[in-house]
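S.K.: Residue 56 is where the sequence shown starts when you use our numbering, and the numbers rise one by one after that. Structure in structure tokens, see below.
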Amino acid sequence: MNIFGAVESGGTKFVCMVATGPDNILAETRFPTTDPDETLRKTVDFFVENRQDYPLKALGIGTFGPMDLDPKSPTFGFITTTPKAGWNQTDITGILAAALKIPVAVDTDVNAAALGEHRWGAAQGLDPMIYITIGTGIGAGGIYHGKPMHGLVHPEVGHIRIPHDRNVDPFEGICPYHKDCLEGLASGKALEKRWGQPAKSLPDGHPAWELEADYLALALVNLICALSPKRIVLGGGVMKQDHLLSMVRRRVQHLLNNYIQSPIILHNIQEYIVPPGLKGRSGGLGAIALAIDLFDQSR
Ligand code: ZN
Numbered sequence: 056m057n058i059f060g061a062v063e064s065g066g067t068k069f070v071c072m073v074a075t076g077p078d079n080i081l082a083e084t085r086f087p088t089t090d091p092d093e094t095l096r097k098t099v100d101f102f103v104e105n106r107q108d109y110p111l112k113a114l115g116i117g118t119f120g121p122m123d124l125d126p127k128s129p130t131f132g133f134i135t136t137t138p139k140a141g142w143n144q145t146d147i148t149g150i151l152a153a154a155l156k157i158p159v160a161v162d163t164d165v166n167a168a169a170l171g172e173h174r175w176g177a178a179q180g181l182d183p184m185i186y187i188t189i190g191t192g193i194g195a196g197g198i199y200h201g202k203p204m205h206g207l208v209h210p211e212v213g214h215i216r217i218p219h220d221r222n223v224d225p226f227e228g229i230c231p232y233h234k235d236c237l238e239g240l241a242s243g244k245a246l247e248k249r250w251g252q253p254a255k256s257l258p259d260g261h262p263a264w265e266l267e268a269d270y271l272a273l274a275l276v277n278l279i280c281a282l283s284p285k286r287i288v289l290g291g292g293v294m295k296q297d298h299l300l301s302m303v304r305r306r307v308q309h310l311l312n313n314y315i316q317s318p319i320i321l322h323n324i325q326e327y328i329v330p331p332g333l334k335g336r337s338g339g340l341g342a343i344a345l346a347i348d349l350f351d352q353s354r
């Protein structure tokens with residue numbers, strides 16, 4: 056049986072995994088993201104410690120970014136202009152490939168999560184599909200023609216612009232680049248700044264949630280109209296508020312106003328906008344899928 060490694064590299068924590076697939080996770084660890092030297096050393100140590108029992112065919116990385124995904128670029132596989140202290144221009148792919156001496160596939164954390172959900176989770180066989188995480192930040196990945204969406208760089212859905220009525224919501228937004236882009240208005244960090252308490256401590260009936268559902272629905276409507284996804288998976292810490300998902304669904308239907316004549320949107324939206332099927336492992340298992348695909352292509 057072929058064994059693969061995965062690294063889910065996040066701004067606050069790293070998850071490393073050894074697996075053959077979603078039903079056979081052989082080893083797993085997680086630790087806080089500190090500086091690149093220490094964090095990548097711990098990553099290498101985990102795979103080296105497990106190498107005797109679980110020799111890897113390939114490694115997949117799903118990482119926070121922005122990152123360079125152009126194979127012709129001299130900085131391919133680098134985390135590039137991240138505001139995360141110390142990580143600017145970090146060659147995460149090259150460092151791990153050199154240390155572990157195995158083939159390495161890399162993509163954004165959200166493209167990896169999208170691939171995981173498409174392969175084994177809540178959007179199996181549905182193409183195109185989109186995975187969006189609404190947590191500390193907001194990001195989205197997608198699968199199109201069976202592959203993670205790449206383009207000029209990669210999708211940056213967290214930074215799309217949505218209508219912002221300052222009479223309703225005078226909060227100026229927190230994005231260091233755009234202030235009131237989607238992430239600037241609707242990320243967990245934005246909720247905390249606007250309301251003066253962490254999102255998870257805001258009670259169900261708090262006006263924060265109507266506003267949040269409105270912003271997320273506006274973003275989803277833009278994506279639905281632009282990309283026509285067959286399913287949208289919503290993950291991330293903010294979506295752990297169970298009531299929020301049904302509010303977003305209703306608001307999407309209201310904003311679309313019967314324009315898109317698809318039965319799933321009109322009558323079964325609970326099957327169209329869905330929570331992740333792989334629970335907390337969309338990204339890690341997606342990175343395993345990246346590694347499997349790389350290995351299959353090389354044979
Ligand atoms: Zn922004």
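From the three backbone atoms N, C-alpha and C, an ideal C-beta is built for every residue, glycine too.
1. Could you spell out the range, first to last residue, of the beta strand (DSSP E) harbouring Tyr199?
2. Pick out the complete beta strand (DSSP E) segments inside the segment 269-346, 3 residues or longer, and give them in chain order.
3. How about Asn313 and Leu321: do their beta carbons lie closer than 8 angstroms?
4. Work out the CA separation of Leu300 and Met294 for me, nearest whole Å.
5. Give the DSSP-derived three-state secondary structure of Lys244 in the structure shown.
6. Taking the alpha-carbon of Gln107 as reference, which of Ala82, Ser128, Thr130 has the nearest alpha-carbon?
7. Work out the CA separation of Pro218 and Lys248 for me, nearest whole Å.
8. Count the other CB atoms, across all protein chains shown, that sit within 10 Å of the CB of Cys236; report buried if there are 16 or more and exposed otherwise.
9. Assuming contact is defined by CB atoms lying nearer than 8 angstroms, are Gly120 and Ala160 in contact in what I supplied?
10. Hey, out of Ser242, Pro110, Glu238, Ile319, whose CA is closest to Lys285's CA?
11. For His214, is the beta carbon positioned less than 7 angstroms from some heavy atom of the ligand ZN?
12. What is the DSSP secondary structure of Asn105, counted as helix, strand or coil?
13. Of the choices Arg354, Arg306, Pro231, whose alpha-carbon is the least far from that of Thr136?
14. Closest to Ala361 by C-alpha separation, out of Gly228, Leu170, Pro158, would be which residue?
M.R.: In brief:
1. On the sequence shown, residue 199 is found 144 positions in, with the first residue counted as 1. Per DSSP, the continuous beta strand (DSSP E) segment holding Tyr199 begins and ends at 193-199.
2. 286-290
3. Within the sequence shown, the letter at position 258 stands for residue 313. Within the sequence shown, the letter at position 266 stands for residue 321. Closer than 8 angstroms, so yes.
4. By one-based count along the sequence shown, residue 294 stands at place 239. By one-based count along the sequence shown, residue 300 stands at place 245. Taking the straight line joining both Cα atoms gives about 7 angstroms.
5. As a position in the sequence shown, residue 244 is number 189, starting the count at 1. Looking at Lys244 - three-state DSSP - the assignment turns out to be helix.
6. The count along the sequence shown starts at 1 and reaches residue 107 at position 52. It is Ala82 whose Cα lies nearest to the Cα of Gln107.
7. Counting from 1 along the sequence shown, the entry for residue 248 is found at position 193. Counting from 1 along the sequence shown, the entry for residue 218 is found at position 163. Cα to Cα, the separation comes out at about 19 angstroms.
8. Numbered from 1 along the sequence shown, position 181 holds the residue referred to as residue 236. The residue in question, Cys236, is buried, as its Cβ has 16 or more Cβ neighbours within 10 Å.
9. Stepping through the sequence shown from its first residue, residue 120 is reached at position 65. Stepping through the sequence shown from its first residue, residue 160 is reached at position 105. No; because the gap between Cβ atoms is not below 8 angstroms, this pair is not in contact.
10. Translated into the one-based positions of the sequence shown, residue 285 becomes position 230. Measuring from the Cα of Lys285, the nearest candidate turns out to be Ile319.
11. Your numbering for residue 214 matches position 159 in the sequence shown. At least one heavy atom of the ligand ZN is nearer than 7 angstroms to the Cβ of His214, so yes.
12. Within the sequence shown, numbered from 1, the residue matching residue 105 stands at position 50. In this structure, Asn105 counts as helix in the three-state DSSP scheme.
13. Position 81 of the sequence shown, counting from 1, holds the residue named residue 136. Among Arg354, Arg306, Pro231, the Cα nearest to that of Thr136 is on Pro231.
14. Coverage of the chain is limited to positions 56 through 354, which leaves residue 361 absent and any answer about it impossible.
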